[in-house]
Structure formats: C-alpha cells, structure tokens
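In the numbering used here, the protein residues as written are 1222 to 1372.
Written out as structure tokens, the structure is:
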C-alpha cells in the first residue's frame, strides 16, 4: 500500500496538479486498491488499481490513473473558470455508466455517459453553453463579439 501512496504523490507532483489523496482501500475480492481523492472542486471518481503478481506494475497503473484524474480535474477547472460560484456534485457510477453534475446558481446540470471523461466533456459543453446563453449580458450578441469582427 505504501508503494501505491508514493506513486500517487509522485505522479501528482510531476503533473503539477493539486490532487489530494483521501484514502486507499486494500480489497481482496477482487484483489485491487481503490484510491479516493479530490481536487479543488471536490471528490474525484475513485481510481481502481488491480493487484498483480508484479508490484512494479502497480506504480505504472497508479501513474496512468493519476494522469486520467488530472485530465478530469482540468476539465473541472475550465468549468469553474467559466461558471463562477459553481459547485460540483460527487461523481457516481451506475449500471449505465458515469454520472457527473454541477450546480450553477439555481440550476443543476446532471449528465450520464459511458465514462467519466466523456461525461465531464459533455457536462462542460452543456452547462457552460446553457448558462452563458441564459445570462442577459452574455446572450446579447453586441456584448459577445469575437475579435476581428467588423459588425
């Protein structure tokens, strides 16, 4: 378990991403480690790393998983920058896939997709587009011109 913790911390530092290790469950059936973590916006999906006979391989699996969590955290950072005062809902797994959500003001956006990466990309697209289109100052085309426009 020490090897998993060290691999997590090294990978997070190498990526220069704030990922906090909340805990590691050492399971026997199936034989795996379940890594619980969060970023600046709340809990991230659990990372499941299967145990193998070759322990050096576990560090590689953990590092790959941290890269995946880093991408998810980056998407959440983008959303938080675009949607001030947003609150992320804890991610979950259902029979049909991954569920993610964000609360923006009085609106809550929840999206389910095949995996967390796709779900967060789609959530970002839907929440940001919907919120910006429903904000009067931002919905007005004159206040939202692109650079180089000659309108």
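In this text, a Cβ means the ideal position worked out from N, Cα and C, and glycines have one as well.
Could you give the distance in angstroms between the alpha-carbon of residue i and the alpha-carbon of residue j?
| i | j | result |
| --- | --- | --- |
| residue 1291 | residue 1236 | 8 Å |
| residue 1230 | residue 1293 | 17 Å |
| residue 1288 | residue 1232 | 8 Å |
| residue 1373 | residue 1272 | Residue 1373 lies beyond the residue range present for the chain, which begins at 1222 and ends at 1372; the question has no answer from this structure. |
| residue 1326 | residue 1338 | 24 Å |
| residue 1305 | residue 1250 | 42 Å |
| residue 1340 | residue 1281 | 25 Å |
| residue 1227 | residue 1302 | 31 Å |
| residue 1286 | residue 1335 | 17 Å |
| residue 1342 | residue 1298 | 12 Å |
| residue 1345 | residue 1315 | 20 Å |
| residue 1366 | residue 1330 | In this prediction, residue 1366 scores a pLDDT of 30, lower than 50, which makes its location untrustworthy; the coordinate-derived value is nonetheless stated afterwards. So the two alpha carbons sit approximately 27 Å from each other. |
| residue 1313 | residue 1270 | 17 Å |
Can residue i and residue j be called in contact, C-beta distance under 9 Å?
| i | j | result |
| --- | --- | --- |
| residue 1311 | residue 1263 | yes |
| residue 1254 | residue 1260 | no |
| residue 1279 | residue 1268 | no |
| residue 1453 | residue 1319 | No information on residue 1453 is available, as it lies outside the stretch 1222 to 1372 that the chain covers here. |
| residue 1323 | residue 1308 | yes |
| residue 1241 | residue 1300 | no |
| residue 1225 | residue 1283 | yes |
| residue 1295 | residue 1347 | no |
In the DSSP output, which residue or residues are listed as bridge partners for residue i?
| i | result |
| --- | --- |
| residue 1334 | 1319 |
| residue 1308 | 1324 |
| residue 1271 | 1253 |
| residue 1263 | 1260 |
| residue 1329 | 1324 |
Let me know if residue i comes out buried or exposed under the rule of 16 or more other beta-carbons within 10 Å of its beta-carbon.
| i | result |
| --- | --- |
| residue 1317 | exposed |
| residue 1222 | exposed |
| residue 1328 | exposed |
| residue 1234 | exposed |
| residue 1363 | In this prediction, residue 1363 scores a pLDDT of 32, lower than 50, which makes its location untrustworthy; no coordinate-derived value is stated. |
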